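A short worksheet on the structure shown next.
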Amino acid sequence: MTPTPFEQFLNLELCESTAEKTIVAFPEQEVTLNLGGTLHGGASMSIITLAAKHALYPLISESECQQVRMLDQSVRFTSTARGEKVLAEAVVIKKGKELAFVDVDVKTEAGKLVSKGIVTLRYGQQGEAENEHPAPTIQVEDHYPKTWHPGPMAPLLAQRGFTANLGLNIQHVKDGESIVRLDVSDHILSSARVIDDGAIGTLCDSAGAMATMAMNQQGMSRGSTPSMHINYFSTLQNESLIALGKGRWSYNESYVADVSVVGENSGTVYAKAQVLFRIMV
23 MTPTPFEQFL NLELCESTAE KTIVAFPEQE VTLNLGGTLH GGASMSIITL AAKHALYPLI
83 SESECQQVRM LDQSVRFTST ARGEKVLAEA VVIKKGKELA FVDVDVKTEA GKLVSKGIVT
143 LRYGQQGEAE NEHPAPTIQV EDHYPKTWHP GPMAPLLAQR GFTANLGLNI QHVKDGESIV
203 RLDVSDHILS SARVIDDGAI GTLCDSAGAM ATMAMNQQGM SRGSTPSMHI NYFSTLQNES
263 LIALGKGRWS YNESYVADVS VVGENSGTVY AKAQVLFRIM V
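Count along the sequence shown from 1, then add 22; that gives the number in the working numbering.
Take a look at the structure:
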């Protein structure tokens, strides 16, 4: 497969690709780091997404490779990587007629586990679905606030780090709600010329984190994402995406937020995520 614009932007390296396992890597680089200098959670999501797809490619036909799309992704973030090369090892644990399940471990070169993902891919759709229920649509403007409050983190995240490199725009963070925008840009596109699923994972991570921060009245000295789950509902159109985050629950340092990723023009709900975020005061 020819590298996609998103893979080229992330300097993705295909180290091994067999029917048994696939290994891809990010080099030591600033583009995938967060403000603290460690691998951004969204970058972990991205390499898991890309590794899972590359693991499936040797097992299916060339025409089927063009049809691969994400249905589901669940990730646990177990540790950090600070300015070092990371490798994602992906193994297809089950391949059916239309679905494939892929296990992915992201580690440092020293072998430290950084994150672990389980990905569900769809690749073998035969003809038109007879019982398809279209993804829901909403009026995006109905979810916009009367007054926009970007919050104190927005200027920092717009200057540097992985979110800035992708082009995420934190527009609103207040009263347990967040709105984060991602415009279509050449460097974040997939082979289908729409925003890559990995970038959507980063969008969900950021919107979830911002929504939980908006629940916390004590400030934050440090924060991290222990886990995230995303369901992808519909094939993307070529349009900007709006992530609507809503804080749902908190207990001591643990916070949970729901995120909906919506097409700005169509109102199509492309994905929904639940984000567990930890805030240390």
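All C-beta atoms, glycine included, are put in the ideal place defined by N, C-alpha and C.
A quick note: this is a predicted structure, and the numbers were derived from the prediction, not measured.
- In this chain, the beta strand (DSSP E) harbouring residue 193 covers 190 to 196.
- Straight across, the Cα-Cα distance linking residue 210 with residue 62 is about 16 Å.
- In this structure, the CA atom of residue 146 is about 9 Å from the CA atom of residue 87.
- In the structure shown, residue 248 falls within a strand segment according to DSSP collapsed to helix, strand and coil.
- In the three-state DSSP reduction, residue 235 falls in the helix class (H, G or I).
- Note that the C-beta distance between residue 159 and residue 66 is not below 9 Å.
- By the C-beta density criterion, residue 164 is exposed, having fewer than 16 other C-beta atoms within 10 angstroms.
- DSSP places residue 89 outside both helix and strand once states are collapsed to three, so it counts as coil.
- Residue nearest to residue 37 within the set 263, 76 and 195 is 76 (criterion: CA-CA distance).
- For residue 268, the enclosing beta strand (DSSP E) begins and ends at 263 to 273.
- Sequence-distant partners of residue 40 (beyond 5 residues in either direction) whose C-beta falls short of 7 Å from its own C-beta, in its chain, are 80.
- Straight-line spacing of the CA atoms in residue 230 and residue 136 works out to 20 Å.
- Per the coordinates, the alpha-carbon of residue 83 lies some 41 Å from the alpha-carbon of residue 232.
- Secondary structure of residue 99 (DSSP, three-state): strand.
- Contact between residue 139 and residue 45 is absent: CB atoms are separated by about 14 Å, not below the 8 Å threshold.
- Annotated as proximal: residue 235 and residue 200, with beta-carbon spacing under 9 Å.
- By the CB criterion at 9 Å, residue 107 and residue 50 fall inside the cutoff.
- Annotation: residue 28 is outside any beta strand (DSSP E); the continuous alpha helix (DSSP H) that includes it extends over 27 to 31.
- When the five nearest sequence neighbours on each side are left out, the beta carbons in the same chain lying within less than 6 Å of the beta carbon of residue 271 are those of 278, in order along the chain.
- Between the alpha carbons of residue 105 and residue 259 lies a distance of about 35 Å.
- Spanning the alpha carbons of residue 103 and residue 89 requires a straight line of approximately 33 Å.
- As the crow flies, the alpha-carbon of residue 171 is around 41 Å from that of residue 131.
- According to the DSSP assignment, residue 69 belongs to the alpha helix (DSSP H) that extends over 63 to 78.
- For residue 155 and residue 255, the gap between their C-alpha atoms comes out near 10 Å.
- Proximity to residue 193 across 291, 178 and 124 peaks at 178, based on C-alpha coordinates.
- If the five residues before and after residue 238 are omitted, its C-beta is found closer than 6 Å to the C-beta atoms of 301, all from its own chain and listed in chain order.
- As DSSP reads the structure, residue 211 sits in a beta bridge with 217.
- For residue 176, the enclosing alpha helix (DSSP H) starts and ends at 175 to 181.
- By the beta-carbon neighbour count (other beta carbons within 10 angstroms, threshold 16), residue 118 is exposed.
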